[in-house]
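Enquirer: Submitted below is the structure of interest, expressed as structure tokens.
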Amino acid sequence: MATDTDASRVEGFGEVSRVRGIAFEYLSLGASVLGIFALAVLLIYVTIDAFDLAGANPLWLLTYFLTLVVPFLGFCLYSARDPTLTRRAVAVGGGGLVAVAAVFTAIETFVGQIPRLNWQLTYLFVVVVPLTGYLVYMGARGRPGSVGFGLIGRLIGGAAIGMAFSVLFLVFDERLWFLVYTLGVVPAALVYGYGHTRDVSSALTAALPTAILGTLLAVFLRPIIDTYPTTVFIYLWTLAIPIAAAGALVVDARSSRPKAVLAGGVPLGLAAVVGLFGRAIGLGVGGPNALLVIAVAGVPVAVYLDRVFDVGEGVIGLTLPVLLIAGALAGAAVVETFGIPTPSPWVSETFLTEAPSRNATEAGLYPAIVGSVIIIAMVAVLSFVLGVATSVFLEEYTADTGIVGALTRLLQINIANLAAVPSVVYGLLGLGLFANLLGFGFGTAVTVSLTLSLLILPITIISAQEAIRSVPDDLRRGSDAMGATRWQTTKNVVLPEAFPGILTGTILALGRAIGETAPLIMVGAATTVFSPPSSLFSKFSAMPMQIYAWANFPQAEFRYGVVAAGVITLLIILVGMNGTAILLRNRAERGD
Amino acid sequence: MSNTETKTEPSDSLITTDVETESNDRTAPSHRTAVAARDLNVYYGDEQAIDDVSIEIPEKRVTALIGPSGCGKSTFLRCINRMNDMIEVCRVEGDVEFGGKNVYDADVDPVALRRKIGMVFQKPNPFPKSIRDNVAYGLKIQGFDGDVDARVEESLKSAALWDEVKDQLDSSGLDLSGGQQQRLCIARAIAPDPEVILMDEPTSALDPVAASKIEDLIDDLAEEYTVIIVTHNMQQAARISDRTAVFLTGGRLVEYDDTTKIFEDPEEQRVEDYITGKFG
């Protein structure tokens, strides 16, 4: 900019035309805005359909706006502690209301009716949602805000991971896991811990063989032993206790022993009590899944609370969940008292927990959600392991010259080409190879997971290669010069440095896998199943399949309401999964 | 072990006085050879990088390799710990003897060789790990069974970095300044207690103050280690080295003698021209 004005002021240098540059700048801006705008309109309509907002009473919207949204925005502004920001937020909120109402009414009067929108909803999506997003961003920079969002993130993220675990145990044998854990994981961890504290390197090397031996023993003993503890006790012993112990260790390293016992013990105790006696004492929840969710969410929350109290700043932010719950309850009370009609959203508890139905109001997505979660877990593990192994081999081990070099280049070109092969073709491959030849069955979890892993493998490999290539050669040479073997250099220097990049590629690729429909149709996954899968070889469906099936139903309720609800659920799970992975990656980048 | 303990700061402890009695008198000629090259030729593809070099580098002395860019001095340095193996087009003929053995013999494992020869690079390259893990890296990969923390402390003291970082051993090595990073790399190189330390222009990416600290450090290191340093800086070579080898274009070793002799009364006219800055 400065050069622009200088050039015009200084005589004798002439002028340089920047028209093309400026035209290009605005064209690219226009292209990106157009794309985002189109997507935003689509998402707004899907949201309106999924939550039945078109039929929502304006008073209902107003009530929740006042009890839930306004206090939340207030919290963000309090956290940001910036008077200018507060003034601007109020101005945008108020001015936006007037502007949106005026423009909307003008369009309705002079142009024509806009379907399924009114000015209140327009205000909600055009002003309130972006404003909230911005204020969350600004609020998170203040200490109370970051504490509050950190707490909510751990609560929701922990609960989601807990539920994902419980879903995985629908198809994986928890009794086998119990044996593997008891005979393999625990002894290996003990051996490793002994080696670590006493500095005995032979013990460290013995840990892995111990684990493998224990696992083999477990697989061998599984059909022989026939009495097992109940699922609650298996979860308690194999998941809740180690998670609590890990949390306690974290706190112990940071502050004191008593706090560590509290941070591990309180959530563990709570999980055990609710899991074992929840239903008996009339809590309404209980059983193994409740235990899992409370343990997985509770321990990180306890560790986080310890840190927040330790730092002592922004403790007030811990009230954010209370604020939100109180807001929701107050809104419900007001709606109840004044008899304001409430909308009936398609995304409801029934939708998330019931099986599909011919009747739109009873239709549920539960079996498909379970199917998708299982597929994604398997695809993530398979494609990550295979992708990282392949890319490490290609980048670190093969030669660049000679016959090997030529073969590597050929392989490289083919991997790049495979990334561009249409997914239907992968479906065909899965059908021929996994379903028919290897006999994993049509549309089973194994067949689908293997097919989708193959589908995203090229993308995973290419992005992992990029990440590995971007590790500076200086570091490799430094490690080599210390007398490290190729493997030691790869393991200690290259992979830790490339890990965030590898994870980014895997996240993007998984996003593609979770939404794929064509290969699922090809390998014969069911469009609709009525119960969640009970093993890896049972028939099952996935979210995109179910949504696709609903979209073909003749009833308008399905095509508008139920499909929209399915899409929103799929997007929320996708965003949640990506968000968790990105948070993990950022932690890895910071190196803590 | 004992040798890393003995060469901490001069004022440090009783051990230091022990050392002073049997101190390494660097003005006297060293009676032992640490590294020797015989008829060494190195090619990158068809291009010859080192032309028939023979040299004997004395133990526990600082030997500087100087010469204009592209004269093969860095290549020679990398021949000693076989880092040239990493370059696929590189071909080595002749012998490089270390510890009485030709390092290019078929039965020599280059990885094992590099564990006896430390190396410091031109650009500081600490690993993106904590300071402690950086220094302990060599110990870790070699399966060291002793007290790692003590070794880390010793090495950092030897690298004159301990006082600056002792309270932040767990923070990242990348948070240090350039000069500190280079001293960290030196600490990393000496932690596994090698016999020879190779330095490839270790101060050329640093400011003069940081560079002079490294120079002081090299002087101290020569008490216990054989230091071979490539440098572009003539004054540096004159200040810190006991022996100087001058390479000129084409990878030929033109003159090799005591540093004072090279800088005050070189045999070859070309060496004098180079040292006085008439070319190069």
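Residue numbers (full-length UniProt numbering), protein chains in the order written: chain P, 1 to 592; chain G, 1 to 280.
C-beta: ideal position from N, C-alpha, C; glycine also.
Spatial neighbours of P458 of chain P within its chain, please: C-beta separation below 6 Å, excluding the five flanking residues on both sides.
Expert: Same-chain partners within the cutoff: I415, L418, A419.
Enquirer: Rounded to whole angstroms, what's the CA-CA distance from V230 of chain G to V111 of chain G? Just pull it up for me.
Expert: If I take the Cα positions, the gap works out to 22 Å.
Enquirer: Who are the neighbours of G193 of chain P on chain G, taking C-beta pairs under 8 Å?
Expert: Within 8 Å Cβ-Cβ: nothing; G193 of chain P doesn't reach chain G, min ~17 Å.
Enquirer: Does the Cβ-Cβ distance between I131 of chain G and L184 of chain G come in under 8 Å?
Expert: Yes, the pair counts as a contact, with Cβ atoms nearer than the cut-off.
Enquirer: With a CB to CB cut of under 6 Å and the five nearest residues on each side skipped, what residues in its chain are close to T63 of chain P?
Expert: If we look at T63 of chain P and ignore the five residues flanking it on each side, its Cβ neighbours are G331, V334, V335.
Enquirer: Kindly indicate which residue of P:V296, P:G74, P:V251 has the alpha-carbon position closest to the one of R87 of chain P.
Expert: Residue P:G74 is the option with its Cα nearest to R87 of chain P.
Enquirer: Would you check if there are 3 or more beta carbon pairs closer than 8 Å linking the stretch 65-74 of chain G to the stretch 249-257 of chain G?
Expert: Touching, yes.
Enquirer: Would DSSP call C79 of chain G helix, strand or coil?
Expert: Helix at C79 of chain G.
Enquirer: When the cut-off is 8 Å and only beta carbons count, does R151 of chain G lie next to chain P?
Expert: No - not a single Cβ of chain P is within 8 Å of the one on R151 of chain G.
Enquirer: Below 8 Å on the Cβ atoms is my contact criterion, and I expect A160 of chain P with G439 of chain P to pass it. Report the Cβ-Cβ distance as a whole number of Å.
Expert: Wrong, their Cβ atoms sit about 35 Å apart, outside the cutoff.
Enquirer: Quick one, which residues of the stretch 78-90 of chain G are near chain P if we go by CB-CB under 7 Å, in chain order?
Expert: Within the stretch 78-90 of chain G, the qualifying residues are N81, M83, M86, E88.
Enquirer: Using the three-state DSSP reduction, which class does E22 of chain G fall into: helix, strand or coil?
Expert: Below a pLDDT of 50, predicted positions are generally treated as unreliable, and E22 of chain G, at 48, falls in that range; the measurement from the model is reported next regardless. In the structure shown, E22 of chain G sits in coil (DSSP, three-state: anything other than H, G, I, E or B).
Enquirer: Name, in chain order, the residues that DSSP records as bridge partners for K539 of chain P.
Expert: In DSSP, K539 of chain P forms a bridge with P:T444.
Enquirer: Over what stretch of residues does the beta strand (DSSP E) that includes C90 of chain G continue unbroken?
Expert: Run containing C90 of chain G: 90-98, per the beta strand (DSSP E) assignment.
Enquirer: Is F98 of chain G close to chain P, meaning its C-beta is less than 8 Å from at least one C-beta of that chain?
Expert: No, its Cβ sits nowhere closer than 8 Å to a Cβ of chain P.
Enquirer: With DSSP as the reference, please indicate the residues paired to M522 of chain P in a beta bridge.
Expert: BP columns for M522 of chain P are empty, so no partner.
Enquirer: Mind checking Y304 of chain P: buried by the 16 CB within 10 Å criterion, or exposed?
Expert: So Y304 of chain P counts as buried.
Enquirer: Closest Cβ-Cβ distance between F263 of chain G and chain P: below 8 Å?
Expert: Closer than 8 Å: no.
Enquirer: Please report the straight-line C-alpha distance between A377 of chain P and G432 of chain P, rounded to a whole angstrom.
Expert: Distance between the alpha carbons of A377 of chain P and G432 of chain P: 23 Å.
Enquirer: Just confirm the distance between the C-beta atoms of V42 of chain G and N102 of chain G, as a whole number of angstroms; I'd bet it's less than 8 Å.
Expert: With 8 Å as the limit, V42 of chain G and N102 of chain G do not qualify as a contact, their Cβ atoms being about 15 Å apart.
Enquirer: If you draw a straight line from the C-alpha of residue 286 of chain G to the C-alpha of D216 of chain G, how long is it?
Expert: There is simply no residue 286 of chain G to check, as chain G begins at 1 and stops at 280 in what is shown.
Enquirer: Could you give the DSSP three-state label for Q412 of chain P: helix, strand or coil?
Expert: Helix at Q412 of chain P.
Enquirer: Please report how far the alpha carbon of L570 of chain P lies from the alpha carbon of V46 of chain P, in whole angstroms.
Expert: Rounded to the nearest angstrom, the two C-alpha atoms are 12 Å apart.
Enquirer: Apply the 10 Å Cβ neighbour rule to E22 of chain G and answer buried if 16 or more other Cβ atoms are within range, or exposed otherwise.
Expert: Reliability of the predicted coordinates at E22 of chain G is poor, the pLDDT of 48 falling under 50, and no value is obtained from them.
Enquirer: DSSP state of D306 of chain P, grouped into three classes?
Expert: Three-state result, D306 of chain P: helix.
Enquirer: Within its chain, find whatever has a CB closer than 6 Å to the CB of Y228 of chain P; leave out the 5 residues flanking it on each side and keep chain order.
Expert: These residues qualify, in order along the chain: R175.
Enquirer: Can you tell which of P:A295, P:G298, P:L394, P:A509 has its C-alpha closest to the C-alpha of S383 of chain P?
Expert: Closest by alpha carbon: P:A509.
Enquirer: Return the first residue and the last residue of the beta strand (DSSP E) that V227 of chain G is part of.
Expert: Looking at the DSSP string, the run of the beta strand (DSSP E) that includes V227 of chain G is 226-230.
Enquirer: Skipping 5 residues on each side, what residues in its chain have a beta carbon closer than 7 Å to that of D252 of chain P?
Expert: Closer than 7 Å at the Cβ level, and outside the excluded window around D252 of chain P, lie A260.
Enquirer: Which ranges would you report for the beta strand (DSSP E) in the stretch 104-139 of chain G if only whole runs of at least 3 residues count?
Expert: Qualifying beta strand (DSSP E) stretches, in chain order: 117-120.
Enquirer: State the CB to CB distance for the pair F127 of chain G and G478 of chain P, rounded to an integer number of angstroms; the pair is presumed to be in contact (CB under 8 Å).
Expert: With 8 Å as the limit, F127 of chain G and G478 of chain P qualify as a contact, their Cβ atoms being about 7 Å apart.
Enquirer: If you count every other CB in all the chains shown that lies within 10 Å of the CB of S13 of chain G, and 16 or more means buried, which is it?
Expert: In this predicted model, S13 of chain G has a pLDDT of only 41, less than 50, meaning its place in the structure is not dependable; the value taken from the coordinates is given anyway. Exposed: under 16 other Cβ atoms inside 10 Å.
Enquirer: Who are the Cβ neighbours of D306 of chain P in its own chain at under 7 Å, not counting the five residues just before and after it?
Expert: If we look at D306 of chain P and ignore the five residues flanking it on each side, its Cβ neighbours are V251, S255, K259, A263.
Enquirer: Using a Cβ cut-off of 8 Å, pull out every chain P residue sitting near residue 303 of chain G, in sequence order please.
Expert: Within the shown structure, residues of chain G are numbered from 1 to 280, placing residue 303 of chain G beyond reach of any answer.
Enquirer: Would you call the stretch 388-402 of chain P and the stretch 550-557 of chain P in contact, with 3 or more CB pairs under 8 Å?
Expert: Contact fails: fewer than three Cβ-Cβ distances are below 8 Å.
Enquirer: Which residues does DSSP list as the beta-bridge partners of L248 of chain G?
Expert: Partner(s): G:R252.
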